[in-house]
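**Student:**
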Amino acid sequence: MCPAPAALLCARLVAWFDARRRDLPWRTNRTAYRVWLAEVMLQQTRVAVVSDYFLRFVARFPDVKDLAAASEDEVLSLWSGLGYYARGRNMHKAAQAVARDHGGVFPSTSAELLGLPGIGSYTAAAVASLAFGERVAVLDGNVARVLARLCDDDTPIDTPVGKQRFTQTAQQLVDAHPSSAAINEGLMELGALVCTPKSPSCGACPWATSCAGRARAHLLPVKAKKQPRKHVRVACVVLRDEGGRVWLERRQSGGLFGGLWEPPGVVIEATSDVEGGWRQALSDRGMAVPSSFPAPIVVERSLTHRELRFEITVVTSSSSPSTAGQWFGHGEIKAVGTSTAVRSLLGAASGLRLL
Ligand code: SF4
Numbered sequence: 251m252c253p254a255p256a257a258l259l260c261a262r263l264v265a266w267f268d269a270r271r272r273d274l275p276w277r278t279n280r281t282a283y284r285v286w287l288a289e290v291m292l293q294q295t296r297v298a299v300v301s302d303y304f305l306r307f308v309a310r311f312p313d314v315k316d317l318a319a320a321s322e323d324e325v326l327s328l329w330s331g332l333g334y335y336a337r338g339r340n341m342h343k344a345a346q347a348v349a350r351d352h353g354g355v356f357p358s359t360s361a362e363l364l365g366l367p368g369i370g371s372y373t374a375a376a377v378a379s380l381a382f383g384e385r386v387a388v389l390d391g392n393v394a395r396v397l398a399r400l401c402d403d404d405t406p407i408d409t410p411v412g413k414q415r416f417t418q419t420a421q422q423l424v425d426a427h428p429s430s431a432a433i434n435e436g437l438m439e440l441g442a443l444v445c446t447p448k449s450p451s452c453g454a455c456p457w458a459t460s461c462a463g464r465a466r467a468h469l470l471p472v473k474a475k476k477q478p479r480k481h482v483r484v485a486c487v488v489l490r491d492e493g494g495r496v497w498l499e500r501r502q503s504g505g506l507f508g509g510l511w512e513p514p515g516v517v518i519e520a521t522s523d524v525e526g527g528w529r530q531a532l533s534d535r536g537m538a539v540p541s542s543f544p545a546p547i548v549v550e551r552s553l554t555h556r557e558l559r560f561e562i563t564v565v566t567s568s569s570s571p572s573t574a575g576q577w578f579g580h581g582e583i584k585a586v587g588t589s590t591a592v593r594s595l596l597g598a599a600s601g602l603r604l605l
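Counting in our numbering, the sequence shown runs from 251 upward without gaps.
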């Protein structure tokens, strides 16, 4: 429950948003396609990073039909570096569904949008509200944090009960103002610029005089206990031919890094001998196994739920592996989907500048 009349909070929020809103590329020439693209990219990625990707995407795919007609490889290569590749693949599938099932026009309600691949309640509400004015609240991490502080509410924001509770509070605000877009966007902007996770600028906040949790903002929001990250160790072989091309294989669709290209590798136990993994990766592909290997090149990457450790060896070969895959020159690697982890390990192992 809001600690002050919802209409008053809305008026202050919207006045602040009108004066302070950032000039972001997806806020001009607003269409459902542009709102959707930006919201998909912004999930767990910083605005500064997303701006460049967004501009590249809309330059290459000005319309949802252009995105639908592209190959998955091209989409994933433009997506490379944004992480969460399932989002990139689902984005492509959703564009194809809009082109195929809706004549290239985005559905205008959150209920219909929820039927598209990869669109959950957050994205559906954001597109329906910001592009079509549906009176539906948008709850993301920023909004939940602001509302937990405003209401001095200890309900963990990442639990079903917390999501329901803070969605209700957000909906109270949306219901109290003529523009759902202004409230939703204003709340997200307030969370991004003022009521930030570590050091909220309460002195600059339009809700400073009404905020129930201001004095203990540093303790809010409460989150349920996080699962520890899983550690994954990979024995990786960067195979090069005599012309310097690199052998890459495509992962199956679905799962971590699904559909992306990567060098041969084997997941090994924490205590295993890495050379055994390299031998297995080579012999599985019918390749000659060297009698000895130099010390591994190590590249580590942190993902949200995993710590990846690649232990890499480089092998030059005049023959091709017997399994499915392809030799790629430097320029060709940039044109297909690869994860940031793979681009950094190829850079470390063979001097290719791919990042
Ligand atoms: S007063 Fe401070 S804690 Fe309260 S909503 Fe504003 S920035 Fe957040």
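All C-beta atoms in this analysis are idealised placements derived from N, C-alpha and C, irrespective of residue type, glycine included.
Have a look at P255 and M438 and give me their C-alpha separation to the nearest angstrom.
**Tutor:** Straight-line Cα distance between these residues: approximately 20 Å.
**Student:** In three-state DSSP terms, what is S552?
**Tutor:** DSSP places S552 in strand when its eight states are reduced to three.
**Student:** Can you give the Cα-Cα distance for A474 and D302, rounded to whole angstroms?
**Tutor:** Near 33 Å, if we compare the C-alpha coordinates of D302 and A474.
**Student:** Under 8 Å by Cβ, that's how I've got W497 and P513 pegged, so tell me the actual separation to the nearest angstrom.
**Tutor:** Their Cβ separation, rounded to whole angstroms, is 7 Å, which keeps W497 and P513 in contact under 8 Å.
**Student:** Measuring only the C-alpha atoms, how far is A426 from P275?
**Tutor:** Taking the straight line from one Cα to the other gives about 28 Å.
**Student:** Classify L400 as helix, strand or coil using the three-state DSSP reduction.
**Tutor:** Helix, per DSSP.
**Student:** Less than 7 Å between the beta carbons of A420 and L389, yes or no?
**Tutor:** In this structure, L389 lies closer than 7 Å to A420 by Cβ.
**Student:** Here's the rule: buried if 16 or more other CB atoms are within 10 angstroms of the residue's CB, otherwise exposed. What is R415?
**Tutor:** By the neighbour-count rule (16 or more Cβ atoms within 10 Å), R415 is buried.
**Student:** Give, in chain order, every unbroken run of the alpha helix (DSSP H) that is at least 4 residues long and sits entirely within the segment 551–601.
**Tutor:** Listed in chain order, the complete alpha helix (DSSP H) runs (minimum 4 residues) inside the segment 551–601 are 580–584 and 590–600.
**Student:** Output the residue ranges of the alpha helix (DSSP H) runs that lie fully inside the segment 470–551 and measure 4 residues or longer, sorted by chain position.
**Tutor:** Taking only runs of at least 4 residues, the alpha helix (DSSP H) segments lying wholly in the segment 470–551 are 524–533.
**Student:** Hey, quick one: how far does the alpha helix (DSSP H) through F307 stretch, first residue to last?
**Tutor:** Here the alpha helix (DSSP H) through F307 covers V297 to R310.
**Student:** Measuring from the CB of A606, is there a heavy atom of ligand 1 at a distance below 6 Å?
**Tutor:** Since the first residue of the chain shown is 251 and the last is 605, residue 606 is not available in this structure.
**Student:** Which whole-angstrom value is the C-beta distance of A376 and V444, which I expect to be below 8 Å?
**Tutor:** With 8 Å as the limit, A376 and V444 do not qualify as a contact, their Cβ atoms being about 20 Å apart.
**Student:** Report buried or exposed for T588, applying the criterion of at least 16 other Cβ atoms within 10 angstroms of its Cβ.
**Tutor:** By the neighbour-count rule (16 or more Cβ atoms within 10 Å), T588 is buried.
**Student:** In three-state DSSP terms, what is I433?
**Tutor:** Here I433 sits in helix by DSSP.
**Student:** Throw me the rounded Cβ distance for the A599 and I547 pair, which I believe falls under 8 Å.
**Tutor:** Yes, they are in contact, since the Cβ atoms of A599 and I547 sit about 5 Å apart, within 8 Å.
**Student:** In terms of alpha-carbon separation, which member of W457, R556 and L510 lies closest to G575?
**Tutor:** Of W457, R556 and L510, the residue nearest in Cα terms is L510.
**Student:** Grab me the residues of G383's own chain with a C-beta within less than 7 Å of its C-beta, minus the 5 sequence neighbours each way, in chain order.
**Tutor:** Hits under 7 Å: S430 and A431.
**Student:** Start and end of the alpha helix (DSSP H) containing S360?
**Tutor:** Run containing S360: S360 to L363, per the alpha helix (DSSP H) assignment.
**Student:** Could you check if P450 belongs to the surroundings of ligand 1, using beta carbon to heavy atom distance under 6 Å?
**Tutor:** Flag set: Cβ of P450 near ligand 1.
**Student:** Start and end of the alpha helix (DSSP H) containing R339?
**Tutor:** That run of the alpha helix (DSSP H) goes Y335 to D351.
**Student:** In this structure, does DSSP put L366 in helix, strand or coil?
**Tutor:** Three-state result, L366: coil.
**Student:** Can you have a look at Q418 and say buried or exposed, based on whether 16 or more other CB atoms are within 10 angstroms of its CB?
**Tutor:** When all chains shown are included, Q418 counts as exposed.
**Student:** Go to V424, then tell me how far its alpha helix (DSSP H) extends in each direction, as first and last residue.
**Tutor:** Run containing V424: P410 to D425, per the alpha helix (DSSP H) assignment.
**Student:** Less than 8 Å between C-beta atoms, sequence neighbours within five positions excluded: which residues of the same chain meet that for A411?
**Tutor:** Correcting the residue type first, residue 411 is Val in the shown sequence and not Ala. Here the set comprises T405.
**Student:** Please work out which residues of its chain come closer than 8 Å, Cβ to Cβ, to R466, disregarding the five sequence neighbours upstream and downstream, and give them in chain order.
**Tutor:** For R466, where only same-chain residues beyond five positions count, the Cβ hits under 8 Å are D402.
**Student:** What is the DSSP secondary structure of F356, reduced to helix, strand or coil?
**Tutor:** Looking at F356 - three-state DSSP - the assignment turns out to be coil, as it is neither helix nor strand.
**Student:** My guess is that I433 and C260 are in contact by the Cβ rule of under 8 Å, so how many angstroms apart are they, rounded?
**Tutor:** Confirmed, about 6 Å.
**Student:** Just tell me which of A520, E362 and R479 has its CA closest to the CA of A485.
**Tutor:** Closest option to A485, Cα to Cα, is A520.
**Student:** Once you ignore the five residues that flank R464 on each side, which residues in its own chain have a CB closer than 6 Å to its CB?
**Tutor:** Counting only Cβ-Cβ distances below 6 Å, and skipping sequence neighbours, we find C452.
**Student:** Our contact map puts E499 next to T573 with C-beta atoms below 8 Å; I'd like the distance itself, whole angstroms only.
**Tutor:** About 7 Å separates the two Cβ atoms, so the contact holds.
**Student:** Name the two residues that bound the continuous alpha helix (DSSP H) containing D316.
**Tutor:** Where D316 is concerned, the enclosing alpha helix (DSSP H) stretches over V314 to A319.
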